[in-house]
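Data first, discussion second: the structure below is written as structure tokens.
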Amino acid sequence: MLTRKESPHMWYVITLVRRARHFVLVLGVLALAIAGLSIWRSAAIQKDNPAEMKRQFHARIRDGVGREVKFASPGDPAGAIHASVNSVDNFIFKRSGIKLNGPTKNRIAEMERRALTGTTKRVSAADLGDILAATLLERVSSLTDDEILHADDCLRGFKAPDLPQRYRGRSAIHYPGYLIPISTEKFVTQVKAMRDQANSPLGEVYRGAVRNVVDDHSQKTLSMLSEAVPEQFGGGWDANTNSPGTVGFTPLQAVLIAYSLAGGDYLSDSEANLNKYLLGIQIGLTRISGEPYPRPEGHFAYGVNGYLDSTPLDLVFDERTVNRLLDRIEERSAQ
Amino acid sequence: MRKTFVALLTTVMLLAACGGTKTCVASGFTPGVVYEYSYVDPDGVTQYGSLTVAGNGTLSVPNVDNGVNCNDIDLERALPVYIAN
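Residue numbers (my numbering), protein chains in the order written: chain A, 1 to 335; chain P, 1 to 85.
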């Protein structure tokens, strides 16, 4: 065996090799540690599990409309029918600030009674699509220039004096499932064109386009509601076959569905849980932006300047439009 | 020769550890809240996505190019619920 004394040069090479091995070993361990850390972070990330996401989504809808809205049943007395109308009215108000007036609620209650007793037909999913599209188009055709500007402003999201700068001046309009980058000028021009061409041959093109969007969105909404809360909406849409149900929707159900579509509200979460959700948003956006995000107290989740989703509900779910919706429901429901 | 081999082995190991993408994780969020996020990738393309905050309060953005600084990921807004596409 060589000793240092006998072969210093060789010992130096051996030492270098040992050091190199040590260096490689350290680097190797470091590399593995980094790889291990990366793997750990990836493994720690819960990959989207579609089935679980859907289950949680449905649970939240049951917690919302499933828990806080009580529809009446055939044979229920008038008092129960009025209570069901009030439960829908309160549900909508707490979430969006929209309140139906007394005469409209009485009208809905009477229509609901006739549907539950079988005096009138219930509204099929196909008819509901027709009714919603026609009502929307009629409303668009009557919008003033100021109302169109207001709609654009609403659709650009929540605003507050203390909103951090990075959340102001949005270049896109938002609606659940849709993010449309469009300037105010273009939006206003296009909606005005749709309004002004309503009675022209071009109006047919617009009507077709609106009908397709309304159909697509309403079917997704009906499918979602009937799956999540089949005891409430299963009669109008069959979640198993994903096609119109055989029973149809009552007028009150149709009004609630119209609100859901108009307000971008999936009807999820009880009042308490919705408030917690909004507070969670405030915490998260403050954390990520580094600036205080406005607190949700004093704001509604949905509707005009909704904290969660801002839509011009004051234009498309006002008393006049709701009553035009009811007019069309009555026409289709006549036996 | 041995040194070259060692250098090569080390490089391969380091490259294996790094990979092309990463997951950016931030904590301290409220579980269940859904956020829409965005960031600009090295090609200048804005990437959008939506994610739900996990039960432990972490928000994780996967498959982020290594050339992106996690601090540049922006939370655009919160969504009512998570809708799978």
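Just so it is clear, CB atoms sit at the ideal spot from N, CA and C, and this is done for glycine as well. This structure is a prediction, so every number in the text was calculated from the model and none was measured.
Classify residue 46 of chain P: buried if its beta carbon has 16 or more other beta carbons within 10 angstroms, exposed otherwise.
exposed
Please report the straight-line C-alpha distance between residue 43 of chain A and residue 77 of chain P, rounded to a whole angstrom.
At residue 43 of chain A, the pLDDT of 29 sits below 50, so the modelled position is not reliable; the number obtained from the coordinates is stated separately. Going by the C-alpha atoms only, they are around 27 Å apart.
Considering only their Cβ atoms, is the gap separating residue 80 of chain P from residue 268 of chain A smaller than 8 Å?
yes
Sort A:228, A:209, A:201, A:120 by Cα distance to residue 59 of chain A and report the nearest one.
Residue 59 of chain A has its Cα closest to that of A:228, out of A:228, A:209, A:201, A:120.
Do you know offhand how far residue 88 of chain A's Cα is from residue 63 of chain P's?
43 Å
Grab me the residues of residue 264 of chain A's own chain with a C-beta within less than 6 Å of its C-beta, minus the 5 sequence neighbours each way, in chain order.
175, 176, 309, 311
Presumed contact (8 Å Cβ cut-off) between residue 190 of chain A and residue 71 of chain A, rounded CB distance
Wrong, their Cβ atoms sit about 38 Å apart, outside the cutoff.
Backbone CA spacing between residue 194 of chain A and residue 315 of chain A [nearest angstrom]
16 Å
Excluding the five sequence neighbours on either side, which residues of its own chain have a C-beta within less than 6 Å of the C-beta of residue 52 of chain P, listed in chain order?
34, 82
Measuring only the C-alpha atoms, how far is residue 109 of chain A from residue 79 of chain A?
10 Å
Keeping to the same chain, check which residues put their C-beta closer than 8 Å to that of residue 25 of chain A; ignore five residues upstream and five downstream.
Caution is warranted here: a pLDDT of 49 is assigned to residue 25 of chain A, below 50, making its placement in the model unreliable, and the coordinate value is therefore given only provisionally. No residues qualify anywhere along the chain.
Taking the runs of the beta strand (DSSP E) that are 3 residues or longer, which of them lie wholly in the region 96-179 of chain A?
Within the region 96-179 of chain A, the runs of beta strand (DSSP E) that reach at least 3 residues and sit entirely inside it are, in chain order, 172-175.
If you follow the beta strand (DSSP E) that residue 267 of chain A is in, where does it begin and where does it stop?
Looking at the DSSP string, residue 267 of chain A is not in any beta strand (DSSP E), and its letter there is neither H nor E.
DSSP three-state assignment for residue 327 of chain A, whether helix, strand or coil:
helix
Which of the residues in the region 62-82 of chain P, read from start to end, lie with their CB under 9 Å from any CB of chain A?
Those residues of the region 62-82 of chain P that come within reach of chain A (Cβ to Cβ, closer than 9 Å) are 62, 73, 74, 75, 76, 77, 78, 79, 80, 81, 82.
Starting from residue 78 of chain P, follow its DSSP beta bridges and name the residues at the other end.
P:35
Would you call residue 131 of chain A buried or exposed, if buried means 16 or more other Cβ atoms sit within 10 Å of its Cβ?
buried
Pull up the DSSP beta-bridge partners for residue 26 of chain P, would you.
Its beta-bridge partners are P:59.
The alpha helix (DSSP H) enclosing residue 223 of chain A, as first and last residue numbers:
Taken as a continuous stretch (DSSP letters only), the alpha helix (DSSP H) holding residue 223 of chain A covers 201-228.
Give me the subset of the region 265-290 of chain A whose CB atoms are less than 8 Å from a CB atom of chain P, sorted by chain position.
265, 266, 268, 276, 277, 279, 280, 281, 283, 284, 285, 287, 288, 289
Let's see if you can read the secondary structure: which residues bound the alpha helix (DSSP H) around residue 241 of chain A?
Taken as a continuous stretch (DSSP letters only), residue 241 of chain A belongs to no alpha helix (DSSP H), as it is neither H nor E.
When DSSP builds the beta bridges, which residues end up paired with residue 63 of chain A?
Answer is none; residue 63 of chain A lacks a bridge partner.
Kindly indicate which three-state DSSP category residue 251 of chain A falls into: helix, strand or coil?
Residue 251 of chain A: helix per DSSP, three-state reduction.
Is the CB of residue 44 of chain P under 8 Å away from at least one CB in chain A?
no
Considering Cα atoms alone, identify which of A:320, A:304, A:332, A:293 is closest to residue 75 of chain P.
A:293
Got a sec, what are the start and stop residues for the alpha helix (DSSP H) residue 313 of chain A sits in?
Start and end: 313-316.
Hey, residue 336 of chain A and residue 250 of chain A: beta-carbon distance below 8 Å or not?
Any answer about residue 336 of chain A is impossible in this case: the structure gives chain A only from 1 up to 335.
For residue 65 of chain P, the three-state DSSP class (helix, strand or coil):
Three-state DSSP puts residue 65 of chain P in a strand.
Is the Cβ-Cβ distance between residue 192 of chain A and residue 148 of chain A less than 8 Å?
yes
Compute the Euclidean distance between the alpha carbons of residue 339 of chain A and residue 85 of chain A, then round it to the nearest angstrom.
Missing from the structure shown is residue 339 of chain A; chain A here goes from 1 to 335 and no further.
Under 7 Å between beta-carbons, which chain P residues line up against residue 60 of chain A? List them in chain order, please.
Contacts between residue 60 of chain A and chain P, judged by CB atoms closer than 7 Å, involve 81 in chain order.
Alpha carbon to alpha carbon, what distance is there between residue 60 of chain P and residue 29 of chain P?
11 Å
Coil, strand or helix - residue 88 of chain A by DSSP
helix
Neighbourhood of residue 215 of chain A by C-beta distance below 8 Å, restricted to the same chain and skipping five residues each side
129, 133
Can you find a C-beta in chain P that's less than 8 Å from the C-beta of residue 309 of chain A?
yes
Terminal residues of the beta strand (DSSP E) in which residue 52 of chain P lies
46-52
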